[in-house]
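Undergrad: Can you keep this structure in mind? I'll have questions shortly.
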Amino acid sequence: MQAAFPAGPAFDTDTVARPKGLRAADEVVPKLGLPPGLPAVRIGDVATYDRPIEHLAGQLDRCELELPFRYRAARFGLVLCFALEPVGANALAAELVRIASTEGAIWIAVWKKPFLRPGLLSWDDAHAAMLPTGWVDHKILSLGDEIYATRFVLRKPLRDERAAVR
682 MQAAFPAGPA FDTDTVARPK GLRAADEVVP KLGLPPGLPA VRIGDVATYD
732 RPIEHLAGQL DRCELELPFR YRAARFGLVL CFALEPVGAN ALAAELVRIA
782 STEGAIWIAV WKKPFLRPGL LSWDDAHAAM LPTGWVDHKI LSLGDEIYAT
832 RFVLRKPLRD ERAAVR
């Protein structure tokens, strides 16, 4: 008897490495700049900072790095995205901007250059995808030995313009 489906190549579902040597939450979370009164979201597989963020924000949603995100527009004051697996830079930027509040911040964590593998999002890719959206890089924060994150905020004139519309 033959199998209904021929055996194909085995897929390794654990091909994305986990970052090692992450900094302690009490060092990182205060530097994220959680805006008061707005919920937060963590995207990706690194849960190290979840509990303190949830405590400070009051609410922390979590989701995988699968586009499109299931959240409504302009919901989150803090978006912490661990882009440590293959994802399209422009599509990711569009989704992050869509779910972030104009008063909030988007943090995109990527592998440091010595640990970056082909096909994964680099800092240059993330930066090039975010700038045309009107969100500018504001701060870089090392999250550990292997990854670092960049904070993006909406340009001040755009923030003022959108606040006037409300």
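Position in the sequence shown (first residue = 1) + 681 = the numbering used here. Think of the CB as a built atom: it goes at the ideal place given N, C-alpha and C, for glycine as much as any other residue. For clarity, every value in this text was computed on a predicted model and none was experimentally measured.
Would you identify the three-state DSSP class for L713, choosing helix, strand or coil?
TA: Three-state result, L713: helix.
Undergrad: Please give the ranges of any beta strand (DSSP E) in the segment 733 to 782, keeping only runs that are unbroken, at least 3 residues long and fully inside the region.
TA: Taking only runs of at least 3 residues, the beta strand (DSSP E) segments lying wholly in the segment 733 to 782 are 741 to 744 and 757 to 763.
Undergrad: Run the CB neighbour count on M682, radius 10 Å, all protein chains shown included, and call it buried at 16 or more, exposed below.
TA: Interpretation of M682 is limited by its pLDDT of 44, a score under 50 that renders its predicted location unreliable; the figure taken from the coordinates is listed afterwards. Exposed: under 16 other Cβ atoms inside 10 Å.
Undergrad: By how many angstroms is the C-alpha of K793 removed from the C-alpha of E747?
TA: Roughly 22 Å between the two C-alpha positions.
Undergrad: Among P813, K837, G815 and L773, which one has its Cα closest to the Cα of G725?
TA: Selected option, being the one with the closest Cα: L773.
Undergrad: Taking the alpha-carbon positions, what's the G702 to G815 distance?
TA: Distance between the alpha carbons of G702 and G815 is about 33 Å.
Undergrad: Alpha carbon to alpha carbon, how far is T729 from E708? Give it in angstroms, no decimals.
TA: Going by the C-alpha atoms only, they are around 12 Å apart.
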